[in-house]
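A.B. asks: One structure follows; several queries about it will come next.
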Amino acid sequence: MTGLNFAKVPDDTKADNRAIAFLQGAIQAQSITGNETNFVNYLLPKMQALGLQPQTEEFADGRLNLWGGTKATENNSADNDNVLLVMGHTDTVHVKGWRDKWQGTARENPFSGAVIDGEIWGRGSGDLKAGICAWLMAWERLYSHNIQLKGELQFAFIGDEESGEAGMGTSEGVKHYVNNIAPTLSKPTFAVYTEPSQLNIYTAQMGFFIADIDIIGKTSYFGVPEQGIDALKAAHKVATNIFKHSNDIEQISPHELIGNPFALITDFRAGGYIAVPGDAHISLIRKLLPSENMDQAVKKLSDIVHEAIKGTGCECKIAFTAGRDHADGGLPSVTDPDIAEVQLLIDTVKNHWQKTGAVCAAPFWSEKSFLKHGLGCNAVYCAPGDITNCHTLEERVDIKQYLAAIKAFADFIAKYCCS
466 MTGLNFAKVP
476 DDTKADNRAI
486 AFLQGAIQAQ
496 SITGNETNFV
506 NYLLPKMQAL
516 GLQPQTEEFA
526 DGRLNLWGGT
536 KATENNSADN
546 DNVLLVMGHT
556 DTVHVKGWRD
566 KWQGTARENP
576 FSGAVIDGEI
586 WGRGSGDLKA
596 GICAWLMAWE
606 RLYSHNIQLK
616 GELQFAFIGD
626 EESGEAGMGT
636 SEGVKHYVNN
646 IAPTLSKPTF
656 AVYTEPSQLN
666 IYTAQMGFFI
676 ADIDIIGKTS
686 YFGVPEQGID
696 ALKAAHKVAT
706 NIFKHSNDIE
716 QISPHELIGN
726 PFALITDFRA
736 GGYIAVPGDA
746 HISLIRKLLP
756 SENMDQAVKK
766 LSDIVHEAIK
776 GTGCECKIAF
786 TAGRDHADGG
796 LPSVTDPDIA
806 EVQLLIDTVK
816 NHWQKTGAVC
826 AAPFWSEKSF
836 LKHGLGCNAV
846 YCAPGDITNC
856 HTLEERVDIK
866 QYLAAIKAFA
876 DFIAKYCCS
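The numbers in this note's numbering rise by one with no breaks, and the one at position 366 of the sequence shown is 831.
Next up, the structure:
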């Protein structure tokens with residue numbers, strides 16, 4: 466059997482219940498960044514049962530990447546050389562404050578996967594275990610119908626994507642996969658990264674860098690301020706220059722999906738004693754468009770800061786703390802929304818979930834740029850879940866959307882890898 470008409474496949478309550486239970490179990494496999502292997506060990510037997518020949522390898526001490534897939538059939542491989550890669554990260558952000566907020570309710574355990582009012586709750590439910598589970602359960606539906614793919618289907622589940630844990634969140638998992646694992650496999654012709662998109666298709670993402678600026682003056686007793694060097698005054702000049710810089714770059718022609726660049730100050734602290742502030746700290750995030758050069762943007766920001774403190778008597782240190790697929794940050798990435806693969810994904814999603822299926826830019830940065838720039842592969846984000854409740858104490862996924870995603874993704878795999 467090489468095809469399946471999903472329009473004629475009846476609803477399968479048992480399959481839906483298995484899919485819901487599979488996502489609940491995924492949430493229960495706690496995997497805050499650094500503990501990804503817990504979730505890998507949950508996914509491993511499922512992938513084995515689905516004939517995906519999974520393999521694991523450490524990308525850091527005690528932390529595993531997981532990958533596996535199908536192979537093109539010998540008789541049909543010449544008819545379809547499409548290779549679909551589905552990737553997602555296995556780690557989640559922390560749960561600080563969750564139990565306090567939901568104490569005494571069904572939501573109290575952030576790893577319970579509680580079902581409430583048609584939604585599955587829990588840390589990682591949307592970001593991004595619903596995506597991983599939906600794509601695997603999509604393949605299960607095809608596998609259970611003995612679908613024989615002409616092309617290939619690859620899965621890669623990697624760690625260390627999320628920021629927030631000390632010394633982690635620098636994309637070590639995807640770096641290991643792109644540099645060490647992917648070269649041993651067939652090159653993907655198209656990739657989907659399972660960040661939550663509400664089943665919209667995110668074809669573009671911004672680039673970014675984060676700068677931590679420390680300004681060092683000299684503290685002194687408040688009664689003799691002339692004996693100090695006021696770091697707060699210097700920081701005020703730095704902030705003024707950053708605000709002006711942001712206004713200037715916002716005049717750059719916007720990208721049709723990503724919009725305008727900016728520099729946003731996210732933290733400003735100084736002093737702390739009843740004295741002349743001898744130190745100050747500014748953190749900012751800089752949004753970049755595909756038309757911008759990361760190295761040039763970093764240098765411009767550095768020049769602006771150093772120019773601002775001239776004559777103040779202060780020194781400054783600048784650290785770029787979020788290196789991803791660039792030493793100083795994450796690169797922008799754009800896939801042409803008009804290519805056949807994207808249009809096919811749009812059509813199949815809309816056939817099963819009419820509420821969304823629009824082409825958009827991701828309102829976040831994640832790791833599809835590694836696939837675009839590292840593997841030379843067109844890639845998009847598409848998965849159930851709403852990014853706006855992720856990283857919050859209200860993370861949850863709509864069950865109907867999750868089940869629709871499974872049908873849509875099964876349909877897409879069948880059409881992309883079988884036709």
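Heads up, the beta-carbon is just placed ideally off N, CA and C, and yes, glycines get one too.
In terms of alpha-carbon separation, which member of N530, G569, I612 lies closest to L509?
C.D. replies: Comparing Cα-Cα distances from L509 to each of N530, G569, I612, the minimum goes to N530.
A.B. asks: Check the DSSP bridge columns for M552 and list the partner residues they point to.
C.D. replies: Its beta-bridge partners are A621, Y658.
A.B. asks: Apart from the five residues on each side of it in sequence, which residues of its chain come closer than 6 Å, Cβ to Cβ, to E630?
C.D. replies: Closer than 6 Å at the Cβ level, and outside the excluded window around E630, lie T498, G499.
A.B. asks: In chain order, which continuous runs of the beta strand (DSSP E) of length 3 or greater are located wholly inside the stretch 805 to 867?
C.D. replies: Whole beta strand (DSSP E) segments, 3+ residues: 824 to 826, 844 to 846, 861 to 863.
A.B. asks: Could you tell me the distance, in whole angstroms, from the CA atom of A824 to the CA atom of C779?
C.D. replies: Residue identity differs from the one stated: residue 824 is Val in this sequence, not Ala. Their backbone Cα atoms lie some 48 Å apart in a straight line.
A.B. asks: For A728 and S756, which I take to be in contact (beta-carbon distance under 8 Å), what is that distance rounded to the nearest angstrom?
C.D. replies: In fact, because the Cβ distance is near 16 Å, the residues do not count as touching under 8 Å.
A.B. asks: Taking 8 Å as the cut-off, decide whether the C-beta atoms of I681 and V703 are in contact.
C.D. replies: No; because the gap between Cβ atoms is not below 8 Å, this pair is not in contact.
A.B. asks: What residue range is occupied by the uninterrupted alpha helix (DSSP H) comprising F504?
C.D. replies: From DSSP, the alpha helix (DSSP H) with F504 extends over 501 to 514.
A.B. asks: Would G578 be called buried (16 or more neighbouring beta carbons within 10 Å of its own) or exposed?
C.D. replies: It is buried - the Cβ of G578 has at least 16 other Cβ atoms within 10 Å.
A.B. asks: Just mark M466 as buried or exposed, buried being the case when its beta carbon has 16 or more other beta carbons within 10 Å.
C.D. replies: Model confidence at M466 stands at a pLDDT of 39, short of 50, so the residue's coordinates are unreliable; what they give is reported in the following sentence. So M466 counts as exposed.
A.B. asks: Once the 5 residues before and after A773 are set aside, which same chain residues still bring their CB inside 6 Å of it?
C.D. replies: Closer than 6 Å at the Cβ level, and outside the excluded window around A773, lie K702, V703, N706.
A.B. asks: Buried or exposed for I694, going by 16 or more other Cβ atoms inside 10 Å?
C.D. replies: Label assigned to I694: buried.
A.B. asks: Counting only the same chain and skipping the five closest in sequence on each side, list residues whose C-beta sits under 8 Å from that of K652.
C.D. replies: Counting only Cβ-Cβ distances below 8 Å, and skipping sequence neighbours, we find V548, L840, G841, C842.
A.B. asks: Touch check for the stretch 748 to 768 and the stretch 636 to 651: three-plus C-beta pairs under 8 Å?
C.D. replies: No, because fewer than three Cβ pairs between the stretch 748 to 768 and the stretch 636 to 651 fall closer than 8 Å, the two stretches do not touch.
A.B. asks: Can you check whether the CB of A700 is closer than 8 Å to the CB of R606?
C.D. replies: For R606 and A700, no; Cβs fall outside 8 Å.
A.B. asks: Among K594, S831, N645, I811, which has the Cα closest to the Cα of N665?
C.D. replies: Looking at the Cα atoms, I811 is the closest of the given residues.
A.B. asks: Would you list the residues sitting across from C781 in a DSSP beta bridge?
C.D. replies: Answer is I680, bridged to C781.
A.B. asks: A784: buried (16+ other C-beta within 10 angstroms of its C-beta) or exposed?
C.D. replies: With fewer than 16 other Cβ atoms within 10 Å, it is exposed.
A.B. asks: Are the stretch 559 to 578 and the stretch 843 to 860 touching by the rule of at least three beta carbon pairs closer than 8 Å?
C.D. replies: A contact exists between the stretch 559 to 578 and the stretch 843 to 860.
A.B. asks: Does the count of Cβ pairs from the stretch 548 to 563 and the stretch 611 to 623 closer than 8 Å reach three?
C.D. replies: Touching, yes.
A.B. asks: In angstroms, rounded to a whole number, what distance separates the CA positions of T853 and I612?
C.D. replies: Their backbone Cα atoms lie some 36 Å apart in a straight line.
A.B. asks: With distance defined between alpha-carbon atoms, name the residue in A879, S590, G795 nearest to G850.
C.D. replies: Looking at the Cα atoms, S590 is the closest of the given residues.
A.B. asks: Rounding to the nearest angstrom, what Cα-Cα distance links A744 and A696 in this structure?
C.D. replies: As written in the sequence, residue 744 is Asp, which differs from the Ala given in the question. Cα to Cα, the separation comes out at about 5 Å.
A.B. asks: Starting from the C-beta of H641, find all residues in its chain whose C-beta is less than 7 Å away, skip the five residues before and the five after it, and write them out in chain order.
C.D. replies: Contacts found: F524, N530.
A.B. asks: On the criterion of 16 or more Cβ atoms from any shown chain inside 10 Å, does Y867 qualify as buried, or is it exposed?
C.D. replies: Buried is the call here.
A.B. asks: Roughly how many angstroms separate the alpha carbons of V763 and A787, rounded to a whole number?
C.D. replies: Their Cα atoms are separated by approximately 12 Å.
A.B. asks: Within the continuous alpha helix (DSSP H) that includes K764, where are the two ends?
C.D. replies: Here the alpha helix (DSSP H) through K764 covers 759 to 774.
A.B. asks: Sorted by chain position, which residues of the same chain lie with C-beta nearer than 6 Å to W586's C-beta, five sequence neighbours on each side aside?
C.D. replies: Within the same chain, W586 has close Cβ partners R572, A579, R861.
A.B. asks: A656 and A848: beta carbons closer than 8 Å?
C.D. replies: Going by C-beta atoms, A656 is not nearer than 8 Å to A848.
A.B. asks: Have a look at the DSSP bridge pairing and note the partners of H791.
C.D. replies: Answer by DSSP bridge pairing, in chain order: G794.
A.B. asks: Tell me whether the beta-carbon of G632 lies closer than 8 Å to the beta-carbon of D625.
C.D. replies: It is not a contact, given that the beta carbons lie outside the stated cut-off.
A.B. asks: Does the beta-carbon distance from M602 to I871 come in below 8 Å?
C.D. replies: Yes; because the gap between Cβ atoms is below 8 Å, this pair is in contact.
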